[in-house]
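Chemist:
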Amino acid sequence: MSNPLNRKAVAKMKVIIIAVVVVVVVVAAVASLYLLYYAPARPVAPKDKVVVGIAQSLSGPLSVQVTMWHQCYKWIIEDYNAEGGLYVPEYGRKLPITYIEYDDESDINKMLTLTERLITVDKVDLIFAPVTTGFCYAAFSLYEKYHYPVIALTYGSQAGAEKMRKGELKYCFQVLASPDEVGEAVFGLLNYIRERYGPLGNIGILHHVDQHGIEHASAIYGRLSLAGFSIPVYESYPFMATEFKPLISKLKEANVEVVILCGYEGPFFVRDAMAEKYNPKFLLLGPSGVETPGMAFGALGFTLDQVRGVMLYIGPSASYTENEFLKQWAEKHKERFRPIFRNEYGYPFPPSATFYAALQCLFEAVEKVGLDKEKIAEALRTESFDTILGKARLRPGYSIQTEIGGGIIEQWQNRYIMEVVWPLNAKSADVIYPKPPWPGS
Amino acid sequence: MSGARGRALSLKGCNSFLLAVLAAILAFFFLAPLFMEVYYLSVLRNSLLLAALTMSWFFFSGTTRYVSLGSAAFFGTGLYFTALYLEQSVLSKHLPVLPLPLLMLMAGLLNFAIAFVVGLISLRLKGMHFAVATFALGVACRGIFDYVVSDFMGTYYTHIPPFSPEVTYYTITVTALAIFLFVFVLYRSKLGLALRLIGENEEVAAHLGVNTSLVKTLGFAVSSMCIGFTGSCYATIFTVTSPKLAFDYQFSFLPPMMAMFGGLGLFYAPLIGAMALSLLRELLGVTLVHYFLLTLGAIIVLIAKFVPEGVVVFLKRRLEVGLGGRLGRLSSS
Amino acid sequence: MLDVVIGGVLLGALYSLVAVGLNIQYGITRILNLAYGELLIIGAYITFFFSNFYGVNPLFTLILSGLIAYVLGILLQVAVFRGLIHSSSSAEELEFKSLFACFGLIYIIQNLLANIFGTSPIGVPYLMEGISVLGERFKMNMVVVAVLSVLINAVMYAFIRFTKFGLAMRATVEEPAGAQLVGVDVLKIHLVSFSIGCLTAMLAGSMVCLIYPNLTPYSGTFYTIIALITLILGGRGNFLGSVVGAFILGWSHYAMLKFKAALADPIIYVILIMMLIIRPKGLFGR
Chain A
12 MSNPLNRKAV AKMKVIIIAV VVVVVVVAAV ASLYLLYYAP ARPVAPKDKV VVGIAQSLSG
72 PLSVQVTMWH QCYKWIIEDY NAEGGLYVPE YGRKLPITYI EYDDESDINK MLTLTERLIT
132 VDKVDLIFAP VTTGFCYAAF SLYEKYHYPV IALTYGSQAG AEKMRKGELK YCFQVLASPD
192 EVGEAVFGLL NYIRERYGPL GNIGILHHVD QHGIEHASAI YGRLSLAGFS IPVYESYPFM
252 ATEFKPLISK LKEANVEVVI LCGYEGPFFV RDAMAEKYNP KFLLLGPSGV ETPGMAFGAL
312 GFTLDQVRGV MLYIGPSASY TENEFLKQWA EKHKERFRPI FRNEYGYPFP PSATFYAALQ
372 CLFEAVEKVG LDKEKIAEAL RTESFDTILG KARLRPGYSI QTEIGGGIIE QWQNRYIMEV
432 VWPLNAKSAD VIYPKPPWPG S
Chain B
116 MSGARGRALS LKGCNSFLLA VLAAILAFFF LAPLFMEVYY LSVLRNSLLL AALTMSWFFF
176 SGTTRYVSLG SAAFFGTGLY FTALYLEQSV LSKHLPVLPL PLLMLMAGLL NFAIAFVVGL
236 ISLRLKGMHF AVATFALGVA CRGIFDYVVS DFMGTYYTHI PPFSPEVTYY TITVTALAIF
296 LFVFVLYRSK LGLALRLIGE NEEVAAHLGV NTSLVKTLGF AVSSMCIGFT GSCYATIFTV
356 TSPKLAFDYQ FSFLPPMMAM FGGLGLFYAP LIGAMALSLL RELLGVTLVH YFLLTLGAII
416 VLIAKFVPEG VVVFLKRRLE VGLGGRLGRL SSS
Chain C
163 MLDVVIGGVL LGALYSLVAV GLNIQYGITR ILNLAYGELL IIGAYITFFF SNFYGVNPLF
223 TLILSGLIAY VLGILLQVAV FRGLIHSSSS AEELEFKSLF ACFGLIYIIQ NLLANIFGTS
283 PIGVPYLMEG ISVLGERFKM NMVVVAVLSV LINAVMYAFI RFTKFGLAMR ATVEEPAGAQ
343 LVGVDVLKIH LVSFSIGCLT AMLAGSMVCL IYPNLTPYSG TFYTIIALIT LILGGRGNFL
403 GSVVGAFILG WSHYAMLKFK AALADPIIYV ILIMMLIIRP KGLFGR
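Protein chains in written order, with my numbering: chain A, 12 to 452; chain B, 116 to 448; chain C, 163 to 448.
#1: What span of residues does the beta strand (DSSP E) with Ile65 of chain A cover, start to end?
#2: Less than 9 Å between the C-beta atoms of Ile120 of chain C and Ile190 of chain C, yes or no?
#3: Kindly indicate if chain A contains any beta-carbon less than 9 Å away from that of Tyr431 of chain C.
#4: Report yes or no: do the stretch 164-181 of chain C and the stretch 409-423 of chain C share at least 3 C-beta pairs separated by less than 8 Å?
#5: Exposed or buried, what is Glu336 of chain C when buried is set at 16 or more other beta-carbons lying within 10 Å of its beta-carbon?
#6: If you measure beta-carbon to beta-carbon, which residues of the stretch 347-375 of chain B are closer than 8 Å to chain C?
#7: Do Asn376 of chain C and Thr253 of chain A have their CB atoms nearer than 9 Å?
#8: If you check the beta carbons only, do Ile271 of chain A and Ile216 of chain A fall under 9 Å apart?
#9: List the residues that DSSP assigns as beta-bridge partners of Cys273 of chain A.
#10: If contacts are defined as beta-carbon pairs under 8 Å, then Val307 of chain C and Met364 of chain C qualify, I think. What distance do you get, rounded to the angstrom?
#11: Among A:Pro141, A:Val36, A:Gln169 and A:Pro243, which residue has its Cα nearest to the Cα of Tyr84 of chain A?
#12: Note down, in chain order, each residue of its chain lying with its Cβ closer than 6 Å to the Cβ of Pro100 of chain A, except the 5 sequence neighbours on either side.
#13: May I ask you to report which of helix, strand or coil DSSP gives Asp115 of chain A?
#14: How should Arg234 of chain A be labelled, buried or exposed, when 16 other C-beta atoms within 10 angstroms of its C-beta is the threshold for buried?
#15: Closer than 8 Å, Cβ to Cβ, to anything on chain A: give me those residues from the stretch 365-386 of chain C, in chain order.
#16: Could you list the residues in the stretch 262-292 of chain A with a C-beta less than 7 Å from some C-beta on chain B, going in chain order?
#17: Bridge partners of Cys183 of chain A, per DSSP?
#18: Here's a check: name, in chain order, each residue in its chain whose Cβ is nearer than 7 Å to the Cβ of Gly234 of chain B, leaving out the five neighbours to either side.
#19: Within its chain, find whatever has a CB closer than 8 Å to the CB of Phe132 of chain B; leave out the 5 residues flanking it on each side and keep chain order.
#20: Taking C-alpha atoms, which residue in A:Gly212, A:Leu400, A:Arg404 and A:Gln222 lies nearest to Gly269 of chain B?
#21: Could you give the residue range of the beta strand (DSSP E) that holds Thr398 of chain A?
#22: List, in order along the chain, the chain C residues whose C-beta lies closer than 8 Å to that of Met251 of chain A?
#23: Please decide whether Ala419 of chain B counts as near chain C, where near means a Cβ-Cβ distance under 9 Å.
#24: Only counting the same chain, and skipping five residues up and downstream in sequence, which positions put a Cβ closer than 7 Å to that of Ala437 of chain A?
#25: I want to verify the contact list: residues of chain C whose CB lies under 7 Å from the CB of Val75 of chain A, in sequence order.
#26: Measure the Cβ-Cβ separation of Val298 of chain B and Met170 of chain B and say whether it is below 9 Å.
#27: Could you tell me which whole alpha helix (DSSP H) segments of length 4 or greater appear in the stretch 177-217 of chain C?
#28: Relative to chain B, which residues along the stretch 388-402 of chain C have a C-beta separation below 9 Å, given in chain order?
#29: Give a yes or no on contact between the stretch 172-181 of chain A and the stretch 104-111 of chain A, applying the rule of three or more CB pairs nearer than 8 Å.
#30: What is the rounded straight-line gap between the Cα of Glu435 of chain B and the Cα of Val34 of chain A?
#31: By Cβ distance, which residues of its chain are closer than 6 Å to Gly95 of chain A, with the 5 residues on each side in sequence left out?
#32: Run through DSSP, which three-state label would Glu355 of chain A get?
#33: Do you know offhand how far Leu240 of chain B's Cα is from Cys256 of chain B's?
#34: Does Arg323 of chain C pass the burial test, meaning 16 or more other C-beta atoms within 10 Å, or should it be called exposed?
#35: According to a CB-to-CB cut-off of less than 7 Å, which residues of the stretch 259-283 of chain C neighbour chain A?
#36: Using a Cβ-Cβ distance under 9 Å, would Leu149 of chain B count as near chain A?
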């Protein structure tokens, strides 16, 4: 009930209040944007350090993958700083490396915005890529726009690889094997086994519903069908599923002897296969299988002796038995890896050395040509660099080529160490076929 | 319709001062690319998008109190429809190229239709059942798209052609402002009034002659249509999308969270709340990198406990009490 | 076919334990606890923590988990939800407000766990060998977990059905005002019910940790969904209903894994939508 005398005043008061609130909001918006500009305070100083920008998922579902794959980001920065820093030709001396890290909360839009911040506000010298193919691809457009050379460690899709091969993506580089390379490698190994050990039985291909699973399975299926292999089972399963008994009974019913599983669920498949006493003669997991001793042991409780013969494709990777230097590198980084996976073996998993080598290429490029982005990109495209894996070359659209390692398919043969079994020219040991039966079967 | 529009637009007691402030805000948004750097434009446009999502959600769920946790389903459908069409038309050249506004309209209408059907099924349920049903819808969409993409498309990601940042920014700003205006007009219309009546007391509304089923379904469909528009906009930001990215849970959780943060008692409270919370998220995310979400969670729990009517509504009432003491209690807007 | 039937039973037993806690919480206190899955995951992390770092037998950690759960439930009620109950004038309003508070709780729990334990997947390997059930091989831990779930459910049911306190709880579900009139201490009922709900949730979480070794702080949402859908399938406050609903979910999920694995997750939602169309109040709802 409003007092008729004051109706006009009441209306006026309403309007003033609304207006005040609106003005306050506008001022607050402008003020917070202003604060964003100065928070955190990063004064533009004369160059006394090299700044690396990292916008990755430190929280949210993707942080799991960051923990697994991106450890080398901090390792390489620490290692270079331990030697005094990164040598920058323009200044004729080594500058320490610092980094600015933001958390995108597994939100792709936030990752893009934060990358823009790193580029336009923080003006970092180098950028380390986010995790997963999708995020990397989305960020590619930013890297191309601002000409930042970036090595996307976890990118593995055919679409981007094709673009890199055609030269449409000039500043983005991949490290892992593209799906067609994986298809070729799997065909190569199966063909080799077929020639040495006789005809192979039925093949079953399982894949999870995510980028790696779909593309790898489809590439492998295509390549194998072309070569006349029999593939009665080709099934997809939910992402991060843990219940494989139904699928295993399906494989048993179809008399499948060769199992290829494209996804991150390899260890769970192994566990269920052991419980089911299902013993395929050939078991290939990837791109994430029983690769870390910690994962196999800690979470699933089977020992590495039990998984002898299981294979993993992830390419390109190196076996730590290849040479003494690599062995020592692995030993040194064991200490860093141990707390992450809470295990006493803690060997970095096979791609760690390759990722480290790829990042070394980036740093070596800077040491060669300086901080000019165009020159770095040109160098990464065309030159080879000295890394822990010998001379390494980033081939646009293909997996990294290294002197040591470069294996795409590996196999558990001894405790703690995976041996490279394919391609033959990169192998560190001969493939074991058929896979020994699970202990206790 | 123009008559209703005219009535709806003639705000009681509106005067030129208010219009001037609104004009200043509009000018700020439209001229921003001239004086702001790319990063701040991105922050601004993300806030506008979230505010648009929030207001679309508020139009139905805030008024009728039927909490929908299924915004992700409509958002993702809008985004996926637009992304797929753009990929097939621009990148693969299988379909004719259509202008983006037309695509967005189609995405919106698609969502309207889907929401209408879903509404007919699920709006018979009260409260929590509706919330769970819509949440399940959001997750189901993702599962179904996962299966379809995996078994029929051969690649998990759908690639989208890039848009220039200016086009992106203006598309988003115009869409967000259009949604605000659209929701505002409808809120003041008969439909909005009916929705609010249902929210106060559904039985009474039915007795007053409101066709509650039709009104609820229409309201839900309109709300979802706007969410679909917003989703469609996102296609200009990303060059790639996938079921996991498009149907992310956060699009179901953020609109209700932001609306409740601002408060559901006033029309503009969710809008201001969404803009403020979005900017706050950006600010905290950059300064408190590792503990940011913890802090945000704590803030939300504190607000739920001590300021349950919403921050903006609370501030408004404080202002009222402070300034209007002499004039007696103001009638609520 | 037999493997699907048995597997579905085992999975259904676990799901029924997952769901019963939320049904008790929502049925009695009308708090829609969206952070239910996160509480469950806390249970998983407790088991992980004690068995991994202190070598405690995983089944023993269930007791620890239960104790911590009860205390946590009381804390949450007192610190967060009691204020909401007081400030809400109707059940619908309480549902609404508790939703908002739960969003915040979800963030807090997920990120506390992530900050303390990191984000690598956790699990506790226990009883991994296969044993033969009616001719079909299943992992022993799955069978043990299913049996324990049924036992705990039975104890819960007996408590609600045959004790005085359980009678008071049922009265609060059906007739809150009437119950208060006859002298039921509603506040105490709420406190205990919510805590019992947390208890079963964390017990379920501890067991989930044994059979699903890929848990992260973000795995809770899946279990919240299972609990919510079972709640709808069974009807609010209906114990038997949620058990039946859980078995339906378990069976269909397991069966789908055999026939078309990629649709194993969506099938749960199809069932929910079918139930909402056919019988919105749930199988046994009023």
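Glycine residues also receive a C-beta, built at the ideal position from the N, C-alpha and C atoms.
For clarity, every value in this text was computed on a predicted model and none was experimentally measured.
Modeler: Taking the coordinates as given:
#1: It spans Val61 to Gln67 - the beta strand (DSSP E) in which Ile65 of chain A sits, taken as one unbroken run.
#2: Any property of residue 120 of chain C remains undetermined from this structure, which presents chain C solely from 163 to 448.
#3: no
#4: Taking 8 Å as the limit for Cβ pairs, the verdict is that the stretch 409-423 of chain C does touch the stretch 164-181 of chain C.
#5: So Glu336 of chain C ends up on the exposed side.
#6: Tyr364, Phe368, Pro371, Met372 and Met375
#7: Going by C-beta atoms, Asn376 of chain C is nearer than 9 Å to Thr253 of chain A.
#8: yes
#9: A:His218 and A:Gly297
#10: Between Met364 of chain C and Val307 of chain C the Cβ distance is about 14 Å, and since that is not below 8 Å, they are no contact.
#11: A:Pro141
#12: A distance below 6 Å between beta-carbons, with the five flanking residues on each side excluded, links Pro100 of chain A to the following residues of its chain, in chain order: Gly381.
#13: coil
#14: buried
#15: Of all residues in the stretch 365-386 of chain C, Ile373, Tyr374, Pro375, Asn376, Thr378 and Tyr380 have a Cβ within less than 8 Å of some Cβ in chain A.
#16: none
#17: A:Val161
#18: Lys331, Thr332, Phe335 and Ala336
#19: For Phe132 of chain B, where only same-chain residues beyond five positions count, there are no Cβ hits under 8 Å.
#20: A:Gln222
#21: Ser395 to Thr398
#22: Within 8 Å Cβ-Cβ: Asn376.
#23: Output row for Ala419 of chain B: interface = yes.
#24: Gly416, Gly417, Gly418 and Val431
#25: Thr281, Ser282, Pro283 and Thr378
#26: Yes. Within cutoff.
#27: 198-215
#28: Leu390, Ile391, Leu393, Ile394 and Arg398
#29: Contact fails: fewer than three Cβ-Cβ distances are below 8 Å.
#30: A straight line joining the alpha-carbon of Glu435 of chain B with that of Val34 of chain A spans about 16 Å.
#31: Lys105
#32: Unreliable placement is indicated for Glu355 of chain A, whose pLDDT of 48 sits below 50; no coordinate value is reported for it.
#33: 20 Å
#34: exposed
#35: Asn273, Ala276, Gly280, Thr281, Ser282 and Pro283
#36: Answer no: the Cβ-Cβ gap between Leu149 of chain B and chain A never drops below 9 Å.
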